[in-house]
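**Student:**
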Amino acid sequence: ENQESQPGSRKSLVICDADAEQATLGSMLLVDVVADEVSQILRPAHFFYDGNKLVYESICRLRNSGNPVDPMIVSQELESCGKLTLAGGNEYLMRLMDVVPHAANAKYYATQVRSMYFRRQLRMLGVEASEDAAKMHCEVGELLAAQSKKIHDLLEESVSEGVPDIATLATRSLELSYE
1 ENQESQPGSR KSLVICDADA EQATLGSMLL VDVVADEVSQ ILRPAHFFYD GNKLVYESIC
61 RLRNSGNPVD PMIVSQELES CGKLTLAGGN EYLMRLMDVV PHAANAKYYA TQVRSMYFRR
121 QLRMLGVEAS EDAAKMHCEV GELLAAQSKK IHDLLEESVS EGVPDIATLA TRSLELSYE
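For the sequence shown, the numbering used here begins at 1 and goes up steadily by one.
1. Give the secondary structure of Cys81 by DSSP, where H, G and I count as helix, E and B as strand, and everything else as coil.
2. Once DSSP output is grouped into helix, strand and coil, what is the label at Ile166?
3. When you compare each of Met97, Val14, Val113 and Ala146 to Lys53 by their alpha carbons, which one comes out closest?
4. Exposed or buried, which one is Leu144 when buried takes at least 16 other CB atoms within 10 Å?
5. When you compare each of Ile15, Cys16 and Val34 to Ala106 by their alpha carbons, which one comes out closest?
6. Taking the alpha carbon of Val38 as the reference point, which residue from Val100, Met28 and Leu84 has its own alpha carbon closest?
7. Counting only runs of 4+ residues fully inside the stretch 55-134, write out the alpha helix (DSSP H) ranges in chain order.
8. Going by DSSP in three states, His137 sits in which element: helix, strand or coil?
9. When the Cα atoms are used, what is the spatial distance from Asn64 to Asp32?
10. If I measure Cβ to Cβ from Gln22 and keep anything under 6 Å in the same chain, skipping five residues before and after, which residues do I get?
11. Whole-angstrom Cβ separation of Gly51 and Ala87, contact assumed at under 8 Å?
12. Whole angstroms are fine: how far does the CA of Ser158 sit from the CA of Ile166?
13. Can you tell which of Ala129, Pro101, Leu84 and Val127 has the C-alpha that lies nearest to the C-alpha of Thr24?
14. Taking the continuous alpha helix (DSSP H) assigned at Leu25, which residues delimit it?
15. How would you label Ser130, buried or exposed, when you count the other beta carbons within 10 angstroms and need 16 or more for buried?
16. Exposed or buried, what is His137 when buried is set at 16 or more other beta-carbons lying within 10 Å of its beta-carbon?
17. Quick one: Cα of Gln76 to Cα of Pro44, how far?
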């Protein structure tokens with residue numbers, strides 16, 4: 001079982017899938033066309049690890065400029081921005097390709113990365129709601145309205161990014177509750 005999902009472990013507090021992040025990036029480094037497909041699914045903010053965000057941004061910059069992508073080219077691009085070390089260095093870029101079971105599964109890996117992002121956002125909303133609820137100087141109605149808006153905004157973001165069905169159902173449920 002994945003250590004991150006084991007109850008009671010410190011890692012259970014972190015909502016991310018490091019393997020999916022690495023497999024997504026490795027797939028993008030292996031096959032240029034995959035980079036184009038993944039960029040339709042992910043944004044840099046979807047990545048939990050800062051180094052992975054940097055690698056992703058670099059790959060997207062290169063592809064948007066019509067350039068090919070491989071570890072050497074990405075390394076040069078990151079070096080020119082002064083971010084190669086922050087991204088994990090040359091060894092990390094090479095290792096990313098080694099963790100990819102199959103580059104054809106990149107869309108699946110990218111969807112996992114995006115799903116973890118929305119789970120993190122939802123958890124943050126819960127933490128904020130808990131903290132806001134403890135503020136005795138705020139009216140309950142105001143707190144509920146503010147949290148409802150934040151949840152609605154997250155639902156709208158997820159729907160616009162293609163997170164299926166449950167987001168649509170939840171949005172409709174919110175709409176019905178206001179009618």
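Glycine residues also receive a C-beta, built at the ideal position from the N, C-alpha and C atoms.
Small disclaimer: the values here were computed from a predicted structure and weren't measured.
**Tutor:** Well, looking at it:
1. Within the sequence shown, numbered from 1, the residue matching residue 81 stands at position 81. Cys81 falls in the coil class under three-state DSSP.
2. Here residue 166 refers to the residue found at position 166 of the sequence shown. Confidence at Ile166 is low in this model, with a pLDDT of 48, below 50, so its placement is unreliable and the value that follows should be read with caution. Helix, per DSSP.
3. On the sequence shown, residue 53 is found 53 positions in, with the first residue counted as 1. Out of Met97, Val14, Val113 and Ala146, Val113 has the C-alpha closest to the C-alpha of Lys53.
4. Working through the sequence shown from its first residue, we reach residue 144 at position 144. Exposed: under 16 other Cβ atoms inside 10 Å.
5. To locate residue 106, count along the sequence shown from 1; it is residue 106. Minimum Cα distance to Ala106 is reached at Val34.
6. As a working mapping, residue 38 is identified with position 38 in the sequence shown. If we check each option's Cα against that of Val38, Met28 comes out closest.
7. 71-80, 89-98 and 106-133
8. By 1-based counting over the sequence shown, the position of residue 137 is 137. If DSSP states are grouped into helix, strand and coil, His137 belongs with coil.
9. Mapped onto the sequence shown, residue 64 falls at position 64. Mapped onto the sequence shown, residue 32 falls at position 32. Each residue's Cα considered, the two are about 11 Å apart.
10. Indexing the sequence shown from 1 puts residue 22 at position 22. Counting only Cβ-Cβ distances below 6 Å, and skipping sequence neighbours, we find Leu96 and Val99.
11. Within the sequence shown, the letter at position 51 stands for residue 51. Within the sequence shown, the letter at position 87 stands for residue 87. Contact flag correct, Cβ pair sits at about 5 Å.
12. Numbered from 1 along the sequence shown, position 166 holds the residue referred to as residue 166. Numbered from 1 along the sequence shown, position 158 holds the residue referred to as residue 158. With a pLDDT of only 48 at Ile166, under the threshold of 50, the placement of this residue in the model should not be trusted, and no figure is reported.
13. By 1-based counting over the sequence shown, the position of residue 24 is 24. Checked all of Ala129, Pro101, Leu84 and Val127; the closest Cα to Thr24 is Pro101.
14. If you number the sequence shown from 1, residue 25 lands on position 25. Segment Ala18 to Leu30, the alpha helix (DSSP H) holding Leu25.
15. Locating residue 130 in the sequence shown gives position 130, where the first residue counts as 1. So Ser130 counts as exposed.
16. For the purposes of this step, residue 137 is taken as residue 137 along the sequence shown, with counting starting at 1. The residue in question, His137, is exposed, as its Cβ has fewer than 16 Cβ neighbours within 10 Å.
17. If you number the sequence shown from 1, residue 76 lands on position 76. If you number the sequence shown from 1, residue 44 lands on position 44. Going by the C-alpha atoms only, they are around 19 Å apart.
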